[in-house]
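Chemist: Those protein sequences? They're chains A and B, same order as listed.
Using the UniProt record's numbering, the first residue of the first sequence is number 1, and each one after it goes up by one.
Using the UniProt record's numbering, the first residue of the second sequence is number 1, and each one after it goes up by one.
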Amino acid sequence: MSARITVNGKEAPISPAAPHTTVLEFLRDRGLTGTKEGCAEGECGACSILVARPGVNKPTDWVAVNACLVPVAALDGQEIVTSEGLATVGGPGTPPTLHPVQQEMAVRGGSQCGYCTPGFICSMASEYYRPDRCAHPGSDPDSAPYSDSDAADSTGTEHGPNGFDLHSLSGNLCRCTGYRPIRDAAFALGAPTDEDPLARRREQSPPEPVATEYVQGDRAFLRRGTLAETVHLLREQPDAVVVAGSTDWGVEVNVRSRRADCVVAVDRLSELRELRVESDHIEIGAALTLTEIERRLNGSVPLLAELFPQFASRLIRNNATLGGNLGTGSPIGDSPPVLLALEASVVLASADGEREVPLADYFTGYRQSVRRPDELIRAVRIPVPLSPVAAFHKIAKRRFDDISSVAVAFALDVEDGTVRKARIGLGGVAATPIRALAAEAALEGRPWTAETVEAAARELRAAGTPMTDHRASAEYRSAMLGQSLLKLYARTTEAVSS
Amino acid sequence: MSQLSERPDQPVVGTSMPHESAHLHVTGTALYTDDLVHRTKDVLHAYPVQVMKAHGRITALRTEPALTVPGVVRVLTVADVPGVNDAGMKHDEPLFPDEVMFHGHAVAWVLGETLEAARLGAAAVEVELDEQPSLITLRDAIAAGSFHGAQPVMLTGDVEAGFADSAHVFTGEFQFSDQEHFYLETHAALAHIDEADQVFVQSSTQHPSETQEIVAHVLGLHSHEVTVQCLRMGGGFGGKEMQPHGFAAVAALGAKLTGRPVRVRLNRTQDLTMSGKRHGFHATWKIGFDSEGRIQALDATLTADGGWSLDLSEPVVARALCHIDNTYWIPNARVAGRIAKTNKVSNTAFRGFGGPQGMLVIEDVLGRCAPLLGLDPMELRERNFYQPGQGQSTPYGQPVAQAERISEIWRQVQENGGTSDRRREIAAFNAAHPNTKRALAITGIKFGISFNLTAFNQGGALVLIYKDGSVLINHGGTEMGQGLHTKMLQVAATTLGIPLHKVRLAPTRTDKVPNTSATAASSGADLNGAAVKNACEQLRERLLRVAGTQLGANASDVRIVDGVARVLGSDRELAWDDLVRSAYFQRVQLSAAGYYRTEGLHWDAKTFRGSPFKYFAYGAAATEVEVDGFTGAYRIRQVDIVHDVGDSLSPMIDIGQVEGGFVQGAGWLTLEDMRWDSGDGPDRGRLLTQAASTYKLPSFSEMPERFNVTLLENATEEGAVYGSKAVGEPPLMLAFSVREALRQAAAAFGPSGVSVELASPATPEAVYWAIQAARRGEVSGKGVTATGASGNGVARNGLVSDGRSGNGHAGNGGSRTDAEAPSGA
C-alpha cells in the first residue's frame with residue numbers, strides 16, 4: 001500500500017486511487033490538468049507524458065507514453081514528467097522559463113486551441129532527448145534491399161535537419177493547425193544543453209523495478225519481482241489479467257468499462273526483457289517494448305524494421321510488446337502476419353516450465369490461442385538465416401497509426417530466378433492471423449515471373465474469408481491481398497532493372 | 001477608405017504574433033472547462049442513460065435501481081424540469097425525451113459522488129421501449145418522404161431556356177459523407193449555484209448567450225438569473241454552437257436540485273454518439289453547357305441529412321444553396337433544398353455551415369464533366385469564373401463584388417506553385433510510371449461572410465480602463481483556438497494607441513456583454529472587433545479631449561501612438577498612464593460599451609433573394625497528389641494556396657487558420673469516414689465509427705509534404721474592421737483541390753477522356769475503385785460531345801459503382817445516363 005510515484009521531481013503516494021485508475025486520472029485529480037483526455041484509447045496523444053525508462057544508448061531514456069492507458073499503480077517507484085514539469089518555475093511573480101520544446105511550439109504558432117498541445121510537448125520532448133537523435137540526420141539510409149514499406153520516408157520530409165523523426169509524433173492528433181507549424185517547431189530544435197536537468201538525468205540509472213502489491217477494496221494490482229513468482233501467482237489466480245504496457249487492457253478499462261479483480265504486471269520482469277542473437281535464431285523477450293526491439297535490432301530483421309513504423313504510433317510502441325500483441329490474439333494485430341512469415345515460435349512459461357509453440361499452431365480462434373491461463377509468453381523466437389526478400393504491406397486508411405484492413409507479410413527466397421521458399425502471413429482476413437498456404441505453394445519451386453506471381457495472386461485473393469466493415473469492404477480486402485504480391489513483384493523487378 | 005477599415009500609424013493589428021495563450025498552452029496551464037473541476041469543492045458527476053436503439057417510445061423508465069448504487073445521489077428525469085423541457089430553440093429537441101429518436105439518445109442523467117458511481121448508476125437505470133421503425137440512411141429517408149423544416153427553392157433566370165440553349169446537358173447524382181467535428185476537448189459544463197440562488201455555468205460553448213437562454217428556460221428562470229462563462233474551448237468548429245446547451249442545462253438542473261456543483265463531461269464515445277455532425281448531403285443535378293463549356297443552366301436538388309431534430313439544419317441548407325455557384329456564374333438556375341429527417345444525431349453547424357456541401361456539388365459536377373466536354377478541368381473552371389464589370393449576380397441576387405480577385409488569385413497560385421512546369425513534370429512522371437500516378441488540380445473558392453439571418457450580424461464589447469492605465473476588454477466572442485482573443489487585443493491596442501501589454505482580455509461572460517451572437521460564420525473578428533474598436537474609440541475621444549486640454553492643443557490635433565499622446569507637429573507629449581490618471585481626476589468615464597451592426601444586409605428567406613453577405617472571401621489552392629495504383633493509397637506532395645483575408649489583422653493566426661482549415665477539409669473529403677449501422681440487426685442505427693481508433697482524423701502523415709500559404713496582398717476590405725476579412729471557414733473549402741487531384745490521378749491510369757467518379761470521402765479504397773473503373777474506361781465519353789443544340793448529350797457517365805464503392809455509399813457516386821435530358825430546344 002506504499003506505492004509511490006515521482007511526478008515532476010516530487011514523490012507522491014498513489015493511494016487512494018483505485019487499482020484501475022489511470023495515470024491520466026491520477027494526475028488530473030492532483031491538479032495537474034495539463035495532461036488531457038482526448039480519446040481515452042491511446043489514439044490522440046493529448047495525455048502524453050514522459051517516463052524515465054532503461055535507455056538504449058544511455059542509462060535512462062525519457063520515453064513518451066499515453067497516460068490514459070497505463071494504470072498509475074503500474075508506475076509504482078517510477079519517475080514521470082508532465083508538460084507542467086518541463087517549464088522551469090521562476091521566483092514569485094516571475095513567469096516560468098519555457099523549455100526549448102515549449103518555446104519553439106509557442107513562437108511558431110504550434111498551438112491554436114491548445115488542448116492537444118501539452119501532449120505534443122511531451123512527445124516532442126521525448127524525441128528532443130533521444131540520445132542518438134543527431135546521429136542520423138536526413139532520411140534513413142539503412143533501408144533493406146527490397147524494402148517497399150509504405151511507411152518509409154520517400155521524400156525526406158519526415159526527418160528534420162536536426163535528426164528529428166516526425167514518426168515520434170505519429171500518436172498525437174491536432175485538429176486545428178494542420179501540423180505544419182508543429183513540424184517547423186520540431187525541426188527547429190537544437191540539442192539539450194549540459195545544464196538541462198532532464199538531459200543530465202539520462203546519465204543516471206533509471207528507477208529500479210519494484211514489486212507492487214497495490215490493493216484497494218477487493219481489487220488488486222500486483223507486480224512480482226521474478227518470472228518464477230509471477231507464474232506461481234498466475235497458477236493461483238488464473239482469472240488475473242496480465243498486462244505489460246496496458247495498451248490493450250487500458251482501452252478495455254476506459255471504453256468498455258471493464259474492471260478486473262486482479263491485474264498482474266509483467267513488463268519489468270528481466271526474464272522477459274532479453275534480446276539474444278543465437279546461431280540459429282533470434283530470441284526477443286516478450287516484455288521488450290516495440291521501440292526497444294526496433295532500436296536494438298537496428299534493422300537486422302528487415303521485415304520487422306518495416307513493421308515497426310507502421311505499428312500503431314510511437315506512443316503505443318513505447319509501451320506495447322510482442323507478448324501483448326500475441327497475447328491478445330487479435331486477427332488484426334500487426335505483428336502476427338510478420339512473425340508468421342518469419343516462421344517464428346512462441347516460448348510459453350508456466351510453473352511447470354517452458355514449451356515452444358510454432359506461431360502457426362498458436363492461434364486457435366478469434367482472440368483464442370493454445371496459451372493456458374497460467375502461462376506467460378516469455379519470448380518470441382525467429383529462426384535465422386532470414387529469407388532475403390521481405391515486405392510488409394499494411395492496408396489502412398491512414399498511413400500513420402491506423403488499424404489495418406488487411407496486412408500481408410512476405411518472406412521469400414528467390415535464387416537464380418526461382419522461388420525456393422515462400423512464407424506469407426495474413427492479417428484481417430479470418431478469425432485469426434493465417435498463413436497463405438495456397439499462395440505459398442503457387443510460388444515455391446516456380447520461376448519468379450509475372451505469370452507465377454499472377455497465379456499466386458489469384459490464390460491470395462481467395463485466401464481467408466474477409467468481411468465488409470467500417471474499415472473496408474470484403475472485395476477491397478481480397479483485392480489487396482493479390483495486389484500486395486503484384487506490388488512486391490513490381491518493386492523487385494523495378495529495383496533490378498534500375 | 002472607410003472609417004472602419006482605416007489603420008492608424010504603427011498599428012498593432014497586422015503584426016504577426018502567436019496565440020495570446022500560447023505560453024499557457026505549451027505549459028499545460030491553460031484552463032478548459034473540465035480543468036475547473038479540480039478547483040471546485042464537492043462536485044457531483046453526471047452520466048447519461050443512453051438508450052441503444054434507433055427509435056422507440058419509452059414505456060417505462062425505472063430509476064430506483066440506480067439509487068441503490070453506492071455513491072449515486074440523484075437521477076434527473078423529465079419530472080425534475082421546472083421550466084421548458086427543451087434543449088434547443090425550435091421546441092423539437094426535448095432535453096429528457098419520451099421517445100428515443102436515435103441510437104444513443106440520453107433519456108435521463110445520473111448524478112454521483114464519483115464518475116464511476118454515476119456510470120454504474122446509469123447502467124442500473126431500466127428503460128423499456130416500444131420499438132418503432134427507423135430511417136437511418138439519407139436514401140431511405142428520401143424514399144420515405146421523411147423531411148422536416150423549410151424546403152427553399154433558389155431561382156434565377158430561365159432554366160428551361162438555359163437548357164435549350166445548351167450544347168451539352170449532363171445529369172448526375174452525388175452523395176457525400178457527414179463529418180465529425182472531433183474537437184479534442186469533448187463537451188463539458190460545470191454549474192454551481194451562487195449565494196443569491198443564481199446559476200453560474202462554465203461551459204465549453206461557442207454561443208454563451210444561447211446557452212444562457214436555454215439554461216434559463218429549462219430552469220424556468222429569467223436570463224438575468226443565469227450567467228454563462230467560457231474560458232476557452234479545446235476546439236469548436238461549429239460543434240459547440242448549438243450542441244452544448246443541453247449539457248449545460250443538465251449540469252445547471254443538477255446543481256439547482258442538489259445545491260452542489262455538477263459537472264457534465266462527455267467521454268469521447270458519448271460525444272461521438274450523442275452530438276451532431278456536419279450534414280452529409282445527397283444531390284441530384286442537371287447541368288447545361290454551351291459549346292465552349294460555359295454553364296448555361298443548373299437544376300439541382302440538395303437534400304441534407306438533418307438527423308432527428310432541426311437544430312441548425314435550415315440555415316445550413318440555406319447556406320448550401322447560396323454557395324452552389326462557388327466562383328462560377330450560373331445565369332439560369334433552380335436549386336431546391338430539403339432536410340431529411342432520420343433517426344440519427346441531430347446534425348449541426350460545422351466550419352463552412354453548408355457552404356462546403358453546396359460548393360462540393362458544383363466542383364464535383366465540373367470535375368466529372370470536364371473530360372466529357374474535352375476540356376482540361378482547370379480550363380473549364382476558368383471559363384466559368386464570375387467576371388468583373390459584367391454586372392453578374394449570384395443565383396440569389398447578390399452582386400459579386402471583387403470578382404476580379406477570383407482570376408487574380410488563380411493566376412497567383414499558379415505562379416507561386418510553378419504549376420505549368422510541374423504539370424509537364426507530372427506528365428513525364430506518369431508516362432514513366434505505370435503503377436504510380438501524380439496529378440495537380442487547382443480549385444478556387446468564394447465564400448459569403450455574414451450570417452444569412454440579418455439579426456445575428458451584431459456584436460458587443462465592454463472596455464474598461466483602470467486608473468493605473470491598464471485596460472481590460474470584454475467582448476461577446478469565444479475563443480476556440482482560432483485566435484479571436486489575440487486579434488481583439490491587437491484591435492484594442494491599435495485603437496487606443498497603446499502597447500499590447502497594457503491590454504488584458506477577460507473570459508467571455510454573459511453578464512458582461514449581453515445578447516451576443518454565436519462565435520460562428522467566421523464573423524467573430526468582424527463583429528466583435530468592430531465592437532471593441534467602437535468602445536475603444538469612445539474612450540479615445542474622451543481621452544483626447546483630456547490630452548488636448550493638458551497639452552494646450554485642440555483634441556483633434558492629438559494622436560496617441562505607442563502609449564504616448566502627442567500634439568501634431570510639436571514635441572509636447574503625455575504618457576498614457578498620466579493621461580488616464582488625469583482623466584480620472586477630471587471625472588471622465590473610463591469605461592465604454594461598444595456595439596457594431598453590419599450594415600447593408602438584407603435577406604428574404606421566403607423568396608430566397610437578397611444580399612445577405614457583407615463581402616466574399618476568395619482563395620485558390622493548387623494541390624499535387626501521388627496515387628499508388630496497386631492500393632489506391634496516396635500522398636499529398638505539395639499544396640500552394642493564395643488566400644484573401646483582406647489586410648490581415650494577425651498574419652500568423654490567419655495562416656494558421658488557412659492551413660488548419662485546409663487539412664480539416666482534406667480530412668472530410670478523403671479520410672474521415674463516418675459509418676452507421678443501417679442493417680436490420682440489433683445494432684441498427686449505431687454509429688460504427690465511434691472512437692478515434694475507427695474514425696481517423698488527419699495526422700502528420702496527411703500533412704502536405706510541402707505546404708505554402710500566401711495571403712493576398714493589398715487586399716483591404718472596406719467593409720470590415722481595419723480592412724481585414726473573415727478567415728475561419730473559407731479555407732476549409734480549398735481542400736476541394738485534393739479531391740480533384742485524386743480524381744485526375746485516378747483518371748491517369750486509364751485512357752484519356754474518362755470521366756471519373758469518386759466517392760466522398762475519397763479513401764484509398766474509393767480511389768482504388770475509381771482507378772479500376774478508369775482502367776476499364778467504362779466511364780469514357782462514348783457520345784461525349786452532344787453536338788449542336790439537340791441536347792442529346794448522352795454522356796455515359798453512368799457507371800454506378802458496381803456495389804463496391806466500398807465506403808458504405810455503394811452507388812452513391814453514381815450518375816445516370818442522360819436519357820431524360822430534354823431533347824431539342
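No residue lacks a Cβ here, since even glycine has one placed at the ideal position from N, Cα and C.
Everything numeric in this text was worked out from a predicted model, so none of it was measured.
Give a yes or no on whether 8 Å exceeds the smallest Cβ distance from A/Q112 to chain B.
Modeler: In the first sequence, counting from the first residue as 1, residue 112 of chain A sits at position 112. Closer than 8 Å: yes.
Chemist: Using 8 Å as the threshold, is the C-beta distance between B/L484 and B/G548 below it?
Modeler: Indexing the second sequence from 1 puts residue 484 of chain B at position 484. Indexing the second sequence from 1 puts residue 548 of chain B at position 548. Not in contact: B/L484 and B/G548 (Cβ atoms no closer than 8 Å).
Chemist: What residues from the stretch 243 to 269 of chain A come within 7 Å of chain B, judged by C-beta to C-beta, listed N to C?
Modeler: V255 and S257
Chemist: With 7 Å as the C-beta to C-beta threshold (strictly closer), list the residues of the stretch 259 to 285 of chain B near chain A in chain order.
Modeler: N267, R268 and T269
Chemist: Put B/Q402 into one of helix, strand or coil per three-state DSSP.
Modeler: As a first step, residue 402 of chain B is located in the second sequence; it is residue number 402 there, counting from the start. Collapsing the DSSP output to three states places B/Q402 in coil.
Chemist: Between B/H209 and B/T454, which are expected to be in contact by the criterion C-beta below 8 Å, what is the C-beta distance as a whole number of angstroms?
Modeler: Against the second sequence, residue 209 of chain B aligns to sequence position 209. Against the second sequence, residue 454 of chain B aligns to sequence position 454. Correcting the residue type first, residue 209 of chain B is Ser in the shown sequence and not His. With 8 Å as the limit, B/S209 and B/T454 do not qualify as a contact, their Cβ atoms being about 17 Å apart.
Chemist: At least one CB of chain B closer than 8 Å to the CB of A/G138: is that the case?
Modeler: Mapped onto the first sequence, residue 138 of chain A falls at position 138. The pLDDT assigned to A/G138 is 44, lower than 50, so where the model puts this residue is not dependable; a value taken from the coordinates is nonetheless given after this. With 8 Å as the cut-off, A/G138 does not count as an interface residue toward chain B.
Chemist: Taking 8 Å as the limit between beta carbons, can you name the residues of its chain near A/P447, skipping five residues before and five after?
Modeler: Numbered from 1 along the first sequence, position 447 holds the residue referred to as residue 447 of chain A. These residues qualify, in order along the chain: G417, T418 and V419.
Chemist: Which term fits B/Q638, buried or exposed, when burial requires 16 or more other beta carbons within 10 angstroms of its beta carbon?
Modeler: Numbered from its first residue, the second sequence carries residue 638 of chain B at position 638. B/Q638 should be labelled buried.
Chemist: Quick one: which unbroken beta strand (DSSP E) runs of 3-plus residues sit fully inside the stretch 16 to 52 of chain B? Chain order, please.
Modeler: 44 to 51
Chemist: CA-CA distance, B/Y634 and B/S420?
Modeler: The residue you call residue 634 of chain B lines up with position 634 of the second sequence. The residue you call residue 420 of chain B lines up with position 420 of the second sequence. C-alpha separation (whole angstroms): 22 Å.
Chemist: With 8 Å set as the bound, which would you pick, yes or no: does the beta-carbon of A/V470 sit closer than that to a beta-carbon of chain B?
Modeler: For the purposes of this step, residue 470 of chain A is identified with residue 470 of the first sequence, where counting begins at 1. Going by the sequence as given, residue 470 of chain A is His instead of Val. Interface residue, yes.
Chemist: Could you spell out where the beta strand (DSSP E) holding B/Q638 opens and where it closes?
Modeler: On the second sequence, position 638 is the one that residue 638 of chain B refers to. First-last of the beta strand (DSSP E) with B/Q638: Y634 to H643.
Chemist: Checking contacts by CB at 8 Å: is B/D194 closer than that to chain A?
Modeler: Along the second sequence, read from residue 1 onward, the residue named residue 194 of chain B stands at position 194. No, its Cβ sits nowhere closer than 8 Å to a Cβ of chain A.
Chemist: Identify, in the order they occur along the chain, each residue of the same chain with its Cβ nearer than 7 Å to the Cβ of A/P337, setting aside the five sequence neighbours on each side.
Modeler: Within the first sequence, numbered from 1, the residue matching residue 337 of chain A stands at position 337. A407, V408, A409, G425, L426, G427 and P433, listed in sequence order.
Chemist: Relative to the C-alpha of B/A304, which residue among B/V73, B/F281 and B/G14 is closest?
Modeler: Indexing the second sequence from 1 puts residue 304 of chain B at position 304. Ranking the options by Cα distance to B/A304, first place goes to B/F281.
Chemist: Kindly indicate the opening and closing residues of the alpha helix (DSSP H) around B/I426.
Modeler: Residue numbering aside, residue 426 of chain B sits at position 426 when the second sequence is read from its first letter. Start and end: T419 to A432.
Chemist: Give the DSSP-derived three-state secondary structure of residue 836 of chain B in the structure shown.
Modeler: Outside the shown range of chain B, which is 1 to 825, sits residue 836 of chain B, and nothing can be said about it.
Chemist: Just how far apart, CA to CA, sit residue 828 of chain B and B/G238?
Modeler: Shown here, chain B extends from 1 to 825; a query on residue 828 of chain B therefore has no answer.
Chemist: Return the CA-CA distance between B/V127 and B/G112, expressed in angstroms with no decimal places.
Modeler: Taking the first residue of the second sequence as position 1, residue 127 of chain B is located at position 127. Taking the first residue of the second sequence as position 1, residue 112 of chain B is located at position 112. C-alpha separation (whole angstroms): 19 Å.
Chemist: Distance check for A/E475 and B/R804, CA to CA, integer angstroms please.
Modeler: Against the second sequence, residue 804 of chain B aligns to sequence position 804. Against the first sequence, residue 475 of chain A aligns to sequence position 475. Because the pLDDT of B/R804 is 34, which lies under 50, any placement of that residue in the model is unreliable, and the question is left without a value.
Chemist: 8 Å is my cut-off, CB to CB: does B/F182 come that close to chain A?
Modeler: Along the second sequence, read from residue 1 onward, the residue named residue 182 of chain B stands at position 182. Yes, because at least one Cβ of chain A sits closer than 8 Å to the Cβ of B/F182.
Chemist: Specify the secondary structure class of A/Q368 as computed by DSSP and reduced to three states.
Modeler: Here residue 368 of chain A is taken as the residue at index 368 of the first sequence, counted from 1. Looking at A/Q368 - three-state DSSP - the assignment turns out to be strand.
Chemist: Tell me the DSSP bridge mates of B/M154?
Modeler: Looking up residue 154 of chain B in the second sequence gives position 154. B/M154 is bridged to B/V335.
Chemist: Does B/N528 pass the burial test, meaning 16 or more other C-beta atoms within 10 Å, or should it be called exposed?
Modeler: Your numbering for residue 528 of chain B matches position 528 in the second sequence. By the 10 Å Cβ count, B/N528 comes out buried.
Chemist: Can you check which of these residues, A/V346, A/Q102 and A/A456, is closest to A/R355 by C-alpha distance?
Modeler: Position 355 of the first sequence, counted from the first residue, corresponds to residue 355 of chain A. Closest by alpha carbon: A/V346.
Chemist: Are any of the Cβ atoms in chain A nearer than 8 Å to that of B/Q398?
Modeler: Position 398 of the second sequence, counting from 1, holds the residue named residue 398 of chain B. Output row for B/Q398: interface = no.
Chemist: So which residues on chain B does A/P118 lean against when the C-beta distance must stay under 7 Å?
Modeler: Walking along the first sequence from the start, residue 118 of chain A turns up at place 118. In chain order: G28.
Chemist: Strictly under 8 Å for the Cβ-Cβ distance: is A/E43 near chain B by that measure?
Modeler: Position 43 of the first sequence holds residue 43 of chain A. A/E43 counts as touching chain B.
Chemist: Which full runs of the alpha helix (DSSP H) of 4+ residues lie inside the stretch 262 to 330 of chain B, going along the chain?
Modeler: 268 to 274 and 313 to 321
Chemist: Cα separation between A/F392 and A/E306?
Modeler: Indexing the first sequence from 1 puts residue 392 of chain A at position 392. Indexing the first sequence from 1 puts residue 306 of chain A at position 306. Answer to the nearest angstrom: the Cα atoms are 6 Å apart.
Chemist: Considering only residues of the stretch 132 to 208 of chain B, which uninterrupted beta strand (DSSP E) runs meet the minimum length of 3 residues and lie entirely inside it, listed in chain order?
Modeler: 153 to 156, 168 to 176, 188 to 193 and 199 to 203
Chemist: Mind checking whether the beta-carbon of B/E425 lies closer than 7 Å to any heavy atom of the ligand GTP?
Modeler: What this structure holds is no ligand at all, so the ligand GTP is not there to describe.
Chemist: At a Cβ threshold of 8 Å, is B/R504 touching chain A?
Modeler: The residue you call residue 504 of chain B lines up with position 504 of the second sequence. Taking 8 Å as the CB threshold, B/R504 stays off the interface with chain A.
Chemist: Under three-state DSSP, which class holds A/K394?
Modeler: Numbered from 1 along the first sequence, position 394 holds the residue referred to as residue 394 of chain A. Three-state result, A/K394: strand.
Chemist: Within 8 Å (strictly less), CB to CB, does A/K10 reach chain B?
Modeler: By one-based count along the first sequence, residue 10 of chain A stands at place 10. No, its Cβ sits nowhere closer than 8 Å to a Cβ of chain B.
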